[in-house]
Amino acid sequence: MVTVETVKTIINEEFKSEITPHSGHASATTPDDVITETVKEMKDRERRKNNAIFFNVPEPKSNVKSEKSAQDTESITISGKRIDVEMEKGNIINTLRLGKIHEEENKHRPLLVTFDSDTIKRNVFKNFSKLRDESDFGSDDNNNIGISHDMTPKEKEELTQLKEKAKEKEESQGKFRFRVRGPPWAMYIKKLSP
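By full-length UniProt numbering, the letter at position 160 of the sequence shown is numbered 160, and the numbering carries on one by one without gaps.
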């Protein structure tokens, strides 16, 4: 595990290399600011590491918040078992619908799910493609059901930059497709055949 002291050492070394020999000073940010931001980012990543966001999962019809949460938990638990992930209701710490309720029946808010361990989350991601063949959410649109990591704003920014680079590569090398792959902490651009 990375300690705060390790981060401080790395950042201080990088800061020393940023000072240009001609100007004799660095940018307006100080090492303490960089350390604070880095530690804040690390804590945010740690807080989100067991979270997954599911898209296009039909919302429960109940108006009672606790019933909705219980039904969402039940849906995810049943789905986990269908894709061969050993999961019980106790493995889901929390479920939360993100955003405003849509007036349209076929529009569903994203579902943020917090698992009790990153092992279960990894297994869900690994076996998720099996879900598309099932009809476990009671929806005819299972091909539209998606899953994503709960990313920090910095990770989202990095993803956007990588997508732009992939698009540029695709335009310059027309016969191939380029897509961003990998978890938030190890994203990369993959070259795909047409």
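Each residue gets a CB set at the ideal place from its N, CA and C atoms; glycine is no exception.
Asked	Found
Boundaries (first-last residue) of the alpha helix (DSSP H) holding arginine 179	From DSSP, arginine 179 is part of no alpha helix (DSSP H) but of the beta strand (DSSP E) over 177-181.
Neighbourhood of glutamate 170 by C-beta, 8 Å cutoff - its chain only, sequence neighbours within 5 removed	Phe176, Arg177 and Phe178
Environment of lysine 89 [buried if 16+ CB atoms lie within 10 Å]	exposed
Cβ shell of lysine 154 (< 7 Å), same chain only, five flanking positions each side left out	Glu41
Whole-angstrom distance between threonine 38 and glycine 138, CA atom to CA atom	Summary for glycine 138: the model assigns pLDDT 48, below 50, so the residue's position carries little reliability, and this model does not support an answer.
Close beta carbons around asparagine 127, own chain, < 7 Å, minus the five adjacent residues each side	Ile83, Asp84 and Val85
Those residues which DSSP pairs with asparagine 94 across a bridge	Thr114
Limits of the unbroken beta strand (DSSP E) element including serine 148	146-149
For threonine 152, the nearest candidate out of Asn56, Asn50 and Lys81 (CA to CA)	Asn50
Complete runs of the beta strand (DSSP E) confined to the stretch 54-80 [at least 3 residues]	none
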